[in-house]
Structure formats: structure tokens, C-alpha cells
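In the numbering used here, the protein residues as written are 33 to 369.
All C-beta atoms, glycine included, are put in the ideal place defined by N, C-alpha and C.
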Ligand SMILES: Cc1cc2nc3c(=O)[nH]c(=O)nc-3n(C[C@H](O)[C@H](O)[C@H](O)COP(=O)(O)O)c2cc1C
């Protein structure tokens, strides 16, 4: 039988499949199904700054007169009325106890003081680790790339001072140089990196001439961006690598491990195929390992990372060479006339 065990953040996981943070992971029934289907770990949905602030505002409101800021918050986050942070901590502790696999927490804060304070409160729920979900679409014309990155590195250092459990940075790909960003965060002792998060993008319905908010699921080919950076980072940083975004089946999981990932996170594929699909992914990995004569995940991790390859162009300009220099090949596959 194949050994699917993998080490992530100093924790031995039974296989490389982690269910990423999403609405599904905050429901105990769903968590139990994920464990049954074979998930190795789970990231509970993020605690957001708005939840924390909304409760502060409600407190403020009971002390002060009703104000416009509160009205605006309730308008923007109508569903958050009953999702206060204390209730969140309580539900998370219950979730941790409901399964025997590791449960990670996730925090998406805005204010400097919220990060370490709430990281410490999340740790007390018994979670195995914490993801810092640096999800923030830039809207300011003033903030420079350096300021944004320095602030996030500072947050990691600050949180690390307060926590004993491992701390992971979940990043979007929208940095000028993601390699440099990861390297700086690695030097600030982040224990691992989830590459990449998926920023929520609004859309416009042209018939209604109004904004719409689609579910934001990934598409199968989206995994390639993560694959490139995992492949470039493997063997060059201390922290562990968790691949995410567009991992839709067992083949994508294998691709990511070949590139150098310790683990993978899946979300969209579970919404599309159901929670039980986790067991299909695991069967697919095992079958592939048998076909390729691998006894353990460690035997092939990073085999196709940049560091392990003789060809220095594989992660750099190879695609351009292939696509641009051999333009007649593409026309054979896609005869446009
Ligand atoms: C419905 C939904 C809810 C999500 N909620 C969170 C969240 O609370 N925190 C977080 O860090 N990521 C959240 N994500 C992002 C996922 O964890 C994941 O990073 C992203 O969907 C890419 O992975 P995928 O291609 O497997 O879906 C959410 C995604 C979806 C689709």
C-alpha cells in the first residue's frame, strides 16, 4: 500500500489533501464528512475584521446614540448580525473537538492591533495552526508595494511573538515579485505559505446594468500559476509550501507535489463535485503512485522543482520558446481555417 503521509508545519498529515477555508468548513456535519472522505486537515473559514468591528460597533451603539457608521456596517454586512467573534471562537472550539484530524484557523484582519490579539485568541481554541489570510484588494492610489509588503512582514513577526502554534501566510499572486515577498516572510519565520488565495472579483450584469457577485470558483487551469511559484520556491526557503487555487483532481495534486508542495488545498472542486470527491482524489493518487512505482510521497516531492532540474529554463522562458518559436505546431492542434 502507498504511503501518502506528508509533513506540513511540523505536523505529520496522513495525506496531502487539506480542505481550504470556505463556508463548508464552518459546519460540523460537513467537517465530519470531510474527515470520513479522507481529508488530512481542514482550514476553518476565516474570522474577518468586519465581524470583530461589527461587535465593537454594536457595543458602542448600546452605549451611544445610533450612528451612521453603524448603519453603514449593517448595510454592508447584513448577515454578520449574529456572527460575532465570541460566537465564532465558540464554534471553532466545537469544530476542533468534532474531528480527530487537525483543524487550522484563519484570520483576515485590517488593523495592526487586531492581528496579534485575535491570533492569540484563535490559538486558545485548540487549533493546530493559524493561517494569516492576507486578502486585501488594494484600493488606495498611495500605498507603495514596499509599504504593503513591509507591513505584512511586520504582522507575521508580531503574530509569531505571541503564538506557539505554526503560522502560515496565505497570499494572493498579485505582488510584483512573489518570490521576494515569500523570502522576506520566510526570514520573518513564517512556518509556511499557501500559494495562492483567490481574490474575490466583482462582475457586471449588462442587462440589469448592475454589479453582481459570482461565487468566485476557480477553473481547472488556474493551478498553473501556483505550480510555477511552488516549483521556483521549493528548496529555497525554510517554510513549507501548500499549493492552492485551481486544484481540481488527483492529477493536479500530483503535479503540485512534483513541483515541491508539502500539501494542497481544495475548495471549488468540492463545491462542484461534493465532499465525497476527496476519496476519489486519494484513490487517484494511490493508483498513480502504484503505476509509477512510488512507495511514498517523499520519493517524488520536488522531483520537477526548479532546483532539481538540469534545464534552467523550465520555469522561466520555456513556454515562450515553445509557443512563439514553434507557432506552426499550435496551428496543427488548433487549425483556425
Ligand atoms: C465560497 C468560498 C468561500 C471562501 N472563504 C474563504 C475564507 O473564509 N478564507 C480564506 O482564506 N479563503 C476563502 N476562500 C478561498 C479558498 O480557501 C481558496 O483559497 C480558493 O477558493 C482557491 O482554491 P480552489 O481553487 O480550490 O477553490 C473561499 C472560497 C470560496 C469559493
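Extent of the continuous alpha helix (DSSP H) to which residue i belongs
i: residue 175; result: Element bounds for residue 175: n/a, residue is neither H nor E.
i: residue 126; result: 117-130
i: residue 300; result: 300-305
i: residue 152; result: 146-155
i: residue 291; result: 282-291
i: residue 255; result: 255-265
i: residue 69; result: 60-69
i: residue 324; result: Unbroken run through residue 324: none, as it is neither H nor E.
i: residue 217; result: 210-219
Cβ-heavy atom distance, residue i to ligand 1, below 8 Å
i: residue 61; result: no
i: residue 78; result: yes
i: residue 120; result: no
i: residue 298; result: yes
i: residue 81; result: no
i: residue 247; result: yes
i: residue 306; result: no
i: residue 333; result: no
i: residue 276; result: yes
i: residue 301; result: yes
i: residue 53; result: yes
i: residue 230; result: yes
Which residues DSSP lists as bridging residue i, in chain order
i: residue 272; result: 224
i: residue 79; result: 139
i: residue 197; result: Looking at the DSSP assignment, residue 197 forms no beta bridge with any residue, so it has no partner.
i: residue 73; result: 50
i: residue 328; result: 35
Environment of residue i [buried if 16+ CB atoms lie within 10 Å]
i: residue 213; result: buried
i: residue 135; result: buried
i: residue 83; result: buried
i: residue 50; result: buried
i: residue 321; result: buried
i: residue 225; result: buried
i: residue 299; result: buried
i: residue 114; result: The pLDDT assigned to residue 114 is 47, lower than 50, so where the model puts this residue is not dependable; a value taken from the coordinates is nonetheless given after this. Exposed: under 16 other Cβ atoms inside 10 Å.
i: residue 315; result: exposed
i: residue 182; result: exposed
Cβ-heavy atom distance, residue i to ligand 3, below 8 Å
i: residue 281; result: Ligand 3 is not part of this structure, which contains only ligand 1.
Terminal residues of the beta strand (DSSP E) in which residue i lies
i: residue 170; result: Run containing residue 170: none; DSSP gives neither H nor E here.
i: residue 38; result: 38-40
i: residue 51; result: 49-51
i: residue 372; result: Since the first residue shown for the chain is 33 and the last is 369, residue 372 is missing from the structure and cannot be characterised.
i: residue 243; result: 242-244
i: residue 236; result: 235-237
i: residue 44; result: 43-45
Proximity test, Cβ basis, 9 Å: residue i and chain D
i: residue 159; result: No chain D appears in the structure shown, which is made up of a single protein chain.
**OP:** Say whether the region 255-272 touches the region 230-247, bearing in mind that this needs 3 or more beta-carbon pairs closer than 8 Å, one atom from each stretch.
**Re:** no
Answer yes if the region 239-246 comes into contact with the region 292-301, meaning at least three C-beta pairs across the two stretches below 8 Å, and no otherwise. no
* Asked: So does the region 63-71 actually touch the region 304-321, counting three or more Cβ pairs closer than 8 Å?
  -> yes
Can at least three beta-carbon pairs, one atom from the region 149-159 and one from the region 200-212, be found at a separation below 8 Å?
no
Next item on the list: Kindly confirm or deny that the region 54-66 and the region 184-196 touch, where touching means at least three C-beta pairs closer than 8 Å.
Entry: no
>> Between the region 266-281 and the region 323-339, can you find at least three pairs of beta-carbon atoms closer than 8 Å?
In response: yes
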